[in-house]
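Undergrad: In order, the protein sequences belong to chains A and B. Under our numbering, the first residue of the first sequence is numbered 2, with each subsequent residue one higher. Under our numbering, the first residue of the second sequence is numbered 2, with each subsequent residue one higher. Glycine included, each C-beta is placed from N, C-alpha and C at the ideal position. Keep in mind the model is a prediction, meaning the values are calculated, not measured. First, the structure itself, so that you have it in front of you.
Protein chains: 2
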Amino acid sequence: MPVNWEQVYAERARAMRASEIRELLKLTEQPDIISFAGGMPDPSLFSKREFAAVTAQVLEEKAGRALQYGQTEGILPLRELLVEKMRGEGITLDLDNLTIITASQQGLDLLGKVLVDPGDVVLVEAPTYLGALQAVTTFQGRALGIPLDDDGLRVDLLEAKLQELHRQNIRPKFLYTIPNFQNPAGVTLALERRYRLLAVASEYDLPIVEDDPYGYIRFSGEPLPSLKALDSEGRVITLRSFSKILAPGIRLGWMIGDAAFIRKVVIAKQSADACSPSLTQYIAYEFCRRGYLQPYIERVQEAYRQKCECMLTCMEEFFPPEVRWTRPQGGFFVWATAPDSVDTVELFPRVVAAKVAYVVGSAFFPDGSGRNTMRLNFSLPSLADICVGIQRLGSLLQEEIQQQERVPLKMAA
Amino acid sequence: MPVNWEQVYAERARAMRASEIRELLKLTEQPDIISFAGGMPDPSLFSKREFAAVTAQVLEEKAGRALQYGQTEGILPLRELLVEKMRGEGITLDLDNLTIITASQQGLDLLGKVLVDPGDVVLVEAPTYLGALQAVTTFQGRALGIPLDDDGLRVDLLEAKLQELHRQNIRPKFLYTIPNFQNPAGVTLALERRYRLLAVASEYDLPIVEDDPYGYIRFSGEPLPSLKALDSEGRVITLRSFSKILAPGIRLGWMIGDAAFIRKVVIAKQSADACSPSLTQYIAYEFCRRGYLQPYIERVQEAYRQKCECMLTCMEEFFPPEVRWTRPQGGFFVWATAPDSVDTVELFPRVVAAKVAYVVGSAFFPDGSGRNTMRLNFSLPSLADICVGIQRLGSLLQEEIQQQERVPLKMAA
Numbered sequence: 002m003p004v005n006w007e008q009v010y011a012e013r014a015r016a017m018r019a020s021e022i023r024e025l026l027k028l029t030e031q032p033d034i035i036s037f038a039g040g041m042p043d044p045s046l047f048s049k050r051e052f053a054a055v056t057a058q059v060l061e062e063k064a065g066r067a068l069q070y071g072q073t074e075g076i077l078p079l080r081e082l083l084v085e086k087m088r089g090e091g092i093t094l095d096l097d098n099l100t101i102i103t104a105s106q107q108g109l110d111l112l113g114k115v116l117v118d119p120g121d122v123v124l125v126e127a128p129t130y131l132g133a134l135q136a137v138t139t140f141q142g143r144a145l146g147i148p149l150d151d152d153g154l155r156v157d158l159l160e161a162k163l164q165e166l167h168r169q170n171i172r173p174k175f176l177y178t179i180p181n182f183q184n185p186a187g188v189t190l191a192l193e194r195r196y197r198l199l200a201v202a203s204e205y206d207l208p209i210v211e212d213d214p215y216g217y218i219r220f221s222g223e224p225l226p227s228l229k230a231l232d233s234e235g236r237v238i239t240l241r242s243f244s245k246i247l248a249p250g251i252r253l254g255w256m257i258g259d260a261a262f263i264r265k266v267v268i269a270k271q272s273a274d275a276c277s278p279s280l281t282q283y284i285a286y287e288f289c290r291r292g293y294l295q296p297y298i299e300r301v302q303e304a305y306r307q308k309c310e311c312m313l314t315c316m317e318e319f320f321p322p323e324v325r326w327t328r329p330q331g332g333f334f335v336w337a338t339a340p341d342s343v344d345t346v347e348l349f350p351r352v353v354a355a356k357v358a359y360v361v362g363s364a365f366f367p368d369g370s371g372r373n374t375m376r377l378n379f380s381l382p383s384l385a386d387i388c389v390g391i392q393r394l395g396s397l398l399q400e401e402i403q404q405q406e407r408v409p410l411k412m413a414a
Numbered sequence: 002m003p004v005n006w007e008q009v010y011a012e013r014a015r016a017m018r019a020s021e022i023r024e025l026l027k028l029t030e031q032p033d034i035i036s037f038a039g040g041m042p043d044p045s046l047f048s049k050r051e052f053a054a055v056t057a058q059v060l061e062e063k064a065g066r067a068l069q070y071g072q073t074e075g076i077l078p079l080r081e082l083l084v085e086k087m088r089g090e091g092i093t094l095d096l097d098n099l100t101i102i103t104a105s106q107q108g109l110d111l112l113g114k115v116l117v118d119p120g121d122v123v124l125v126e127a128p129t130y131l132g133a134l135q136a137v138t139t140f141q142g143r144a145l146g147i148p149l150d151d152d153g154l155r156v157d158l159l160e161a162k163l164q165e166l167h168r169q170n171i172r173p174k175f176l177y178t179i180p181n182f183q184n185p186a187g188v189t190l191a192l193e194r195r196y197r198l199l200a201v202a203s204e205y206d207l208p209i210v211e212d213d214p215y216g217y218i219r220f221s222g223e224p225l226p227s228l229k230a231l232d233s234e235g236r237v238i239t240l241r242s243f244s245k246i247l248a249p250g251i252r253l254g255w256m257i258g259d260a261a262f263i264r265k266v267v268i269a270k271q272s273a274d275a276c277s278p279s280l281t282q283y284i285a286y287e288f289c290r291r292g293y294l295q296p297y298i299e300r301v302q303e304a305y306r307q308k309c310e311c312m313l314t315c316m317e318e319f320f321p322p323e324v325r326w327t328r329p330q331g332g333f334f335v336w337a338t339a340p341d342s343v344d345t346v347e348l349f350p351r352v353v354a355a356k357v358a359y360v361v362g363s364a365f366f367p368d369g370s371g372r373n374t375m376r377l378n379f380s381l382p383s384l385a386d387i388c389v390g391i392q393r394l395g396s397l398l399q400e401e402i403q404q405q406e407r408v409p410l411k412m413a414a
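The following block contains the structure:
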């Protein structure tokens, strides 16, 4: 008799489903589609030559270590380099406050594992990063969304929610926030809100997980201090990633936090993957040591600034006036909000038929709301594709809005 | 007020502790210690030149893809290559029966996540791989040990345990077994027991997780069919690893199983690390495609054959006759059993003082038994170190046994 795996799964696995968004994304894989659905860096910008040089050196000089198992918390030179880098950004930390992770997604999974019991409430931004929602639901936590505006998380609404939960005797495990160039909304948490957030979190003894994969990709405006740099209570756990400032294909990031907490995370990481790839850790170290990081970041900033500007200009030109959108100062994404009458999920098949694609906004809301929203990625498509794709999308939105406006008339007729 | 993280941890994290073995292992990190405690390949054998050539080609020709995000289930050419390889080993499978994993340890973690509910019974060999025990306990499962002998898992005792559990209305989630050159015991599951195991598993509808990281490192005796090759019911999930046949520093392995099951695992992997490193996947693919794998495996087989022989010969020469040990046909480890009077945990500080080290055997038993046992690794130390180290260890065991024998005399005096 063949095994009936459905009967064998753990409770937490029953809720795991191929996400709607990933199914929709499959539709966008046809080569002639202009896709704004991805979340990837532009591979033509990768520092290919520097990578080749650095990797050749690592394999020439350190193959024995680079190809071997390494410590779970990461190779020492890379950790030391990152500690120095973080100190340069105003974060007070020692070596035992930092561990290497197999990119931020592993960090989210480890945080879920170490913090989330079934039924636990985790506060997130609404909308928020899909991978964070998955990490929470994997461990059977319950994500509650706090709205955003153009200045990032509505800290006043967070406070109101904390009061409400407190009255219900519910203590949320942590707040998950992406303060810089948020995924998916593209907005940045204003400075005064950062201070206010830490004060509110302190009042309610709420731990904060600060996910900051895009922070270095700022192409306009002034850099703001990270939440971790403002944290004096060991309240903030910060996730950083090499994916956007070096390359996603090396799967590396780092986590910073209270030393005892990081020790616990490292124990959880032992059974998650034993250690992150030594080879790519040595490559990342050497890449940074040689000073190749900053020129790459600057190249990426300039390229994405152009792409973002192009997208915003085209949206101005081709999107119907009823649609609103965010104006990011960095990162990968613009967030567009259509009138309530437009359902971006229902519209999606026609969008794909018109050879363009977005991610339906509802995928980023823990409660599935936001069906009139969409995420548009500008980092991957070319400038020309951005123009053509936004024009296509604009026409469809125009049609849809006009059609919706006609519906009541028809019904009246 | 600083955050009190102890109050914030999830239930499952409270049980996570830095393992005793890892604490003991720290003692062995002094450079003048001859350590048989590790579980690493000999880095002097790594195909350094081939790695450099392959990596240079990948970065020259495919940097855009190798540095980018990839599909969660792995890059297509590597999956296709592995499907062909597995078919060559008598395993019937399609592409959707296989996913790349970030080495076997991630496979174990994903299996725990997808299969283990708190309180679930998982059957393991006693002794078994520490990382598997951690993966089970991370998800609050309960590992029950089934004894081994020189022919591997005692399938008769497994059957008895299944009967006993059945009477208690307990259905174990799966059996975890390492059929080839077991870690830590070095023993191999005999052919007739493989058939018997599948029959028993079928009778009790017991899923089997076959972990086979060492199978290719056979240096004597005839290769045996894998459990997966003998499985006609989709009952066996197999974990394979590149760590021992290419390099651990690339963190890659693969999992084979029922297609629906693999789909579930891939969903769990999405939130675990999004994808395995594309860079090392392309390197592994190109390494295999060029035919570099087999020469490396043969070099490793020959080197470890010599080291194992050397260790066994030295044990014959220097270990007291009261100590017994296994005679592996492959892999990394010899397992030694001293008389019950010897406690390898208590002995450990003196062992380290004598500048030699093992892993205490009790670390590998789910119930902490086996305190008279030890695991000895022969893959990493040099032949000379094996001779000197085994001699040191032999003297200590000799002393310890003699001293234990004198204790009753003293008491009688």
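#1: Only counting the same chain, and skipping five residues up and downstream in sequence, which positions put a Cβ closer than 6 angstroms to that of alanine 133 (chain B)?
#2: Determine which residues share a DSSP beta bridge with arginine 143 (chain B) and list them.
#3: Assuming tyrosine 359 (chain A) and leucine 377 (chain A) are in contact, meaning their beta carbons sit under 8 angstroms apart, how far apart are those beta carbons, in whole angstroms?
#4: Kindly indicate which residue of A:Ile101, A:Leu94 and A:Val346 has the alpha-carbon position closest to the one of valine 267 (chain A).
#5: Between the region 324 to 333 of chain B and the region 214 to 224 of chain B, do at least 3 Cβ pairs fall closer than 8 angstroms?
#6: Run through chain A and tell me which residues come within less than 9 angstroms of arginine 18 (chain B), C-beta to C-beta.
#7: Tell me which residues share the same chain as alanine 202 (chain A) and place their Cβ nearer than 8 angstroms to its Cβ, disregarding the 5 neighbours each side in the sequence.
#8: Cutting at 8 angstroms between CB atoms, please list the residues of its own chain near alanine 275 (chain A), excluding the five before and the five after it.
#9: Taking the C-alpha atoms as reference points, what is the distance between alanine 200 (chain B) and serine 36 (chain B)?
#10: Would you say the region 121 to 133 of chain B touches the region 251 to 270 of chain B, given that touching needs at least three Cβ pairs under 8 angstroms?
#11: Just tell me which of A:Trp255, A:Glu51, A:Glu24 and A:Ser45 has its CA closest to the CA of alanine 38 (chain A).
#12: Does the separation of the CB atoms of serine 277 (chain A) and glycine 75 (chain A) fall below 8 angstroms?
#13: For a test of the three-state rule: what should DSSP assign to threonine 281 (chain B), helix, strand or coil?
#14: In three-state DSSP terms, what is aspartate 341 (chain B)?
#15: Check whether chain A comes within 8 angstroms of glutamate 61 (chain B), counting only Cβ atoms and requiring the distance to be less than that.
#16: Is the beta carbon of proline 214 (chain B) closer than 8 angstroms to that of serine 233 (chain B)?
#17: Shortest alpha-carbon distance to glutamate 90 (chain B) belongs to which of B:Glu62, B:Gln58, B:Leu228 and B:Phe52?
#18: Hey, would you say the C-beta of leucine 176 (chain A) is under 7 angstroms away from at least one heavy atom of the ligand ADP?
#19: Between alanine 413 (chain B) and chain A, is there a C-beta pair that is closer than 8 angstroms?
#20: Contact defined as beta carbons within less than 8 angstroms: I believe leucine 163 (chain A) pairs with proline 148 (chain A). What is the distance between those atoms, to the nearest angstrom?
#21: Determine the DSSP secondary structure at aspartate 150 (chain B), reduced to helix, strand or coil.
#22: Can you name, in chain order, every residue of its own chain whose Cβ lies under 7 angstroms from the Cβ of arginine 197 (chain A), other than the five neighbours on each side?
#23: Our contact map puts leucine 116 (chain A) next to lysine 27 (chain A) with C-beta atoms below 8 angstroms; I'd like the distance itself, whole angstroms only.
#24: Flag this pair as touching only if the region 54 to 70 of chain B and the region 384 to 400 of chain B have three or more C-beta atom pairs under 8 angstroms; answer yes or no.
#25: Which residues mark the beginning and the end of the alpha helix (DSSP H) in which methionine 316 (chain B) is found?
#26: Between the Cα of glycine 369 (chain B) and the Cα atoms of B:Asp97, B:Leu145, B:Ala248 and B:Ser380, which residue gives the shortest distance?
#27: With burial defined as no fewer than 16 other Cβ atoms inside 10 Å of the residue's Cβ, what is the status of methionine 17 (chain A): buried or exposed?
#28: Which first and last residues belong to the beta strand (DSSP E) in which glycine 254 (chain A) is found?
#29: Can you pull the DSSP bridge partners for serine 36 (chain A)?
#30: How would you call leucine 77 (chain B), buried or exposed, if buried means at least 16 neighbouring beta carbons within 10 angstroms?
#31: If we cut at 8 angstroms on Cβ distances, does leucine 255 (chain A) have a partner in chain B?
#32: For asparagine 378 (chain B), list the residues DSSP reports as bridge partners.
#33: Could you say which of B:Tyr10, B:Glu7 and B:Gly40 lies nearest to leucine 381 (chain B) if we only look at CA atoms?
#34: Considering Cα atoms alone, identify which of A:Asp206, A:Arg325, A:Asn184 and A:Leu99 is closest to methionine 2 (chain B).
#35: For aspartate 118 (chain A), would you say it is in contact with chain B, using Cβ-to-Cβ distances shorter than 8 angstroms as the test?
#36: Kindly say whether aspartate 212 (chain B), judged by its beta-carbon, lies nearer than 8 angstroms to any beta-carbon of chain A.
TA: By the coordinates alone:
#1: Same-chain partners within the cutoff: Leu109 and Tyr177.
#2: B:Val122, per the DSSP bridge assignment.
#3: Contact holds; Cβ gap of about 5 angstroms.
#4: Minimum Cα distance to valine 267 (chain A) is reached at A:Ile101.
#5: They touch, by the three-pair rule.
#6: Within 9 angstroms Cβ-Cβ: Ile268.
#7: Taken in chain order, the residues that qualify are Leu176, Pro208, Ile209 and Arg236.
#8: So the qualifying residues of the chain are Tyr70 and Thr73.
#9: Taking the Cα positions, alanine 200 (chain B) is about 41 angstroms away from serine 36 (chain B).
#10: No, the region 121 to 133 of chain B does not touch the region 251 to 270 of chain B.
#11: Closest option to alanine 38 (chain A), Cα to Cα, is A:Glu24.
#12: A contact, by the Cβ cut-off of 8 angstroms.
#13: DSSP places threonine 281 (chain B) in helix when its eight states are reduced to three.
#14: If DSSP states are grouped into helix, strand and coil, aspartate 341 (chain B) belongs with coil.
#15: The C-beta of glutamate 61 (chain B) comes closer than 8 angstroms to at least one C-beta of chain A.
#16: Not in contact: serine 233 (chain B) and proline 214 (chain B) (Cβ atoms no closer than 8 angstroms).
#17: The closest CA to that of glutamate 90 (chain B), considering only B:Glu62, B:Gln58, B:Leu228 and B:Phe52, is found on B:Leu228.
#18: The ligand ADP is not part of this structure, which contains no ligands at all.
#19: Low confidence applies to alanine 413 (chain B): its pLDDT is 45, below 50, so where it sits in the model is not reliable, and the reading given next is rough at best. Taking 8 angstroms as the CB threshold, alanine 413 (chain B) stays off the interface with chain A.
#20: Separation of the CB atoms of leucine 163 (chain A) and proline 148 (chain A) is rounded to 14 angstroms, and the pair is thereby denied contact status at 8 angstroms.
#21: If DSSP states are grouped into helix, strand and coil, aspartate 150 (chain B) belongs with the strands.
#22: Only Val156 meet the Cβ criterion.
#23: About 32 angstroms; that fails the 8 angstroms criterion.
#24: The count of Cβ pairs closer than 8 angstroms, one atom from the region 54 to 70 of chain B and one from the region 384 to 400 of chain B, stays below three, leaving the stretches out of contact.
#25: That run of the alpha helix (DSSP H) goes 294 to 319.
#26: Glycine 369 (chain B) has its Cα closest to that of B:Leu145, out of B:Asp97, B:Leu145, B:Ala248 and B:Ser380.
#27: So methionine 17 (chain A) ends up on the buried side.
#28: Run containing glycine 254 (chain A): 254 to 257, per the beta strand (DSSP E) assignment.
#29: Among the bridge pairs identified by DSSP, serine 36 (chain A) is matched with A:Ala358.
#30: It is exposed - the Cβ of leucine 77 (chain B) has fewer than 16 other Cβ atoms within 10 Å.
#31: In the sequence on display, residue 255 (chain A) carries tryptophan and not leucine. Interface annotation, tryptophan 255 (chain A): not in contact with chain B, CB-CB separation never under 8 angstroms.
#32: B:Phe334.
#33: Per the Cα distances, B:Gly40.
#34: For methionine 2 (chain B), the closest alpha carbon among the candidates A:Asp206, A:Arg325, A:Asn184 and A:Leu99 is that of A:Asp206.
#35: Yes, aspartate 118 (chain A) counts as interfacial toward chain B.
#36: Not an interface residue.
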